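Undergrad: When we follow my numbering, the leftmost residue of the sequence shown carries the number 730, and every step to the right adds one. C-beta: ideal position from N, C-alpha, C; glycine also. Note that this is a predicted model, so its numbers are computed, not measured.
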Amino acid sequence: MSPMTIAAVTLEDGTYVKIVYSSPRKRGREIFGGLVPYGEVWRTGANEATELTITNAVLLGGNVIAAGTYALFTIPGEEQWTVIINRNLGQWGAYDYDSQADVVRFDVPAQTIDRMHEAFTISIDDAENEIKMAWDSIAIAIPLTTSP
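1) Is any heavy atom of the ligand NAP found at a distance shorter than 7 Å from the C-beta of A856?
2) Give the C-beta separation of N815 and D836 to the nearest angstrom, bearing in mind that I take them to be a contact with Cβ-Cβ under 8 Å.
3) What residues are listed by DSSP as bridge partners for G797?
4) Just confirm the distance between the C-beta atoms of K755 and E859, as a whole number of angstroms; I'd bet it's less than 8 Å.
5) Using the Cα positions of E769 and N792, report the straight-line distance between them to the nearest angstrom.
6) Buried or exposed, going by whether 16 or more other CB atoms sit within 10 Å of the CB of P838?
7) Between N785 and I748, what straight-line distance do the alpha-carbon atoms span, to the nearest angstrom?
8) Select from L789, Y750 and L781 the residue whose C-alpha is nearest the C-alpha of Y799.
9) As a quick exercise: from D865, T841 and T811, pick the residue whose alpha carbon is nearest that of S828.
10) Considering just the uninterrupted stretch of the beta strand (DSSP E) at D865, what are its terminal residues?
11) Between which two residues does the beta strand (DSSP E) harbouring I851 extend?
12) Hey, how far is the Cα of G763 from the Cα of E807?
13) Alpha carbon to alpha carbon, how far is Q820 from R844?
14) Sorted by chain position, which residues of the same chain lie with C-beta nearer than 7 Å to F802's C-beta, five sequence neighbours on each side aside?
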């Protein structure tokens with residue numbers, strides 16, 4: 730089971746940020762480098778590709794992203810992940826992923842964490858200005874700030 734989950738926050742300037750994703754469970758499986766191969770485009774969750782909605786322009790990983798709704802893909806790696814913001818919505822998985830529809834790609838470091846996460850989790854930490862993702866014992870943080 731991979732229930733649909735929403736992470737949402739209103740930033741200090743009034744920008745609303747919402748991420749809709751399905752949250753798969755570990756269930757004893759090897760996750761990164763196993764169920765989710767390294768070096769391949771991942772839907773960043775389960776079922777439909779994860780979607781990011783923002784009501785005003787923001788900076789993600791230092792890149793300006795205009796207001797709108799986007800597919801959010803990642804390419805997990807052992808030391809870093811590539812984050813992909815893509816225009817094509819409503820995709821099942823990453824099977825029809827088209828890099829021509831990418832708005833931006835950027836890399837963030839992957840971290841091994843002490844706490845194991847049974848469920849894939851996305852949270853938006855407006856105090857630290859980050860979108861955080863964690864599953865198993867791996868986490869990433871995507872810098873998120875309001876656009877200048």
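TA: This is what the structure holds:
1) Because no ligand of any kind appears in the structure shown, any question about the ligand NAP cannot be addressed here.
2) Contact doesn't hold; Cβ gap of about 16 Å is too wide.
3) I783
4) Not quite, the Cβ-Cβ distance comes to about 23 Å (not below 8 Å), so this is no contact.
5) 22 Å
6) exposed
7) 14 Å
8) L781
9) T811
10) E859 to T875
11) D831 to D854
12) 12 Å
13) 31 Å
14) V770, W771, R772, T773, A778, I813, N815, A823 and Y826
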